[in-house]
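Take the sequence shown: its position 106, counting from 1, is numbered 130 in the working numbering, and each next residue is one higher.
Idealized CB from N, CA, C, for every residue including glycine.
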Amino acid sequence: MEIWINPACSKCQSALSLLDAEEARYTVRHYLEDPPTVAELEEVLQRLGLEPWDIARTGEPAATDLGLTSWPRETAHRSRWIEALAARPVLIQRPIITADEGTGVMARTPESVRSVLP
25 MEIWINPACS
35 KCQSALSLLD
45 AEEARYTVRH
55 YLEDPPTVAE
65 LEEVLQRLGL
75 EPWDIARTGE
85 PAATDLGLTS
95 WPRETAHRSR
105 WIEALAARPV
115 LIQRPIITAD
125 EGTGVMARTP
135 ESVRSVLP
């Protein structure tokens, strides 16, 4: 499994601590330093069962600069959102875990982290 984190994020630190406590095998991706591509975001969104606006951090200054909160949240505008997230990874909610069996979760709670453990 892979977990996308920002090391400065307390929820990311909590998720890593829980994975370590459960002796889970995982790979860390510092997504701000190694941003996901559009294709990777598409795959992650499919695994999560979410839309790009569902994982967007709309309170970030970069979101304000783009006027992100006023963007339509409709399928016709999906690619615009994904391209913005790929170009500005700070806009991606964290942590995100992609599990080996093809699922994924927004790992913001202990319950969501546990949901991908065997």
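Nearest-angstrom beta carbon gap, residue j and residue i [assumed within contact, 8 Å]
i: leucine 65; j: isoleucine 106; result: 5 Å
i: alanine 131; j: proline 119; result: 4 Å
i: isoleucine 27; j: valine 68; result: The Cβ separation is near 12 Å, so there is no contact.
i: leucine 40; j: proline 76; result: With 8 Å as the limit, leucine 40 and proline 76 do not qualify as a contact, their Cβ atoms being about 25 Å apart.
i: alanine 86; j: leucine 115; result: 6 Å
i: arginine 71; j: threonine 122; result: 6 Å
i: aspartate 89; j: methionine 25; result: In fact, because the Cβ distance is near 33 Å, the residues do not count as touching under 8 Å.
Residue i (DSSP reduced to helix, strand or coil)
i: glutamate 98; result: coil
i: alanine 80; result: strand
i: valine 140; result: coil
i: alanine 86; result: helix
i: threonine 61; result: coil
i: cysteine 33; result: coil
i: leucine 40; result: helix
i: glutamate 75; result: coil
i: glutamate 66; result: helix
i: glutamate 107; result: helix
i: glutamate 46; result: coil
Identified DSSP bridge partners for residue i
i: isoleucine 27; result: Val52 and Ile121
i: valine 146; result: Limits of the chain in this structure are 25 at one end and 142 at the other, which puts residue 146 out of reach.
i: isoleucine 116; result: Ala80
Buried or exposed (CB count within 10 angstroms, at least 16 for buried), residue i
i: alanine 80; result: buried
i: valine 137; result: buried
i: glycine 128; result: buried
i: threonine 99; result: exposed
i: leucine 141; result: exposed
i: proline 31; result: exposed
i: proline 60; result: buried
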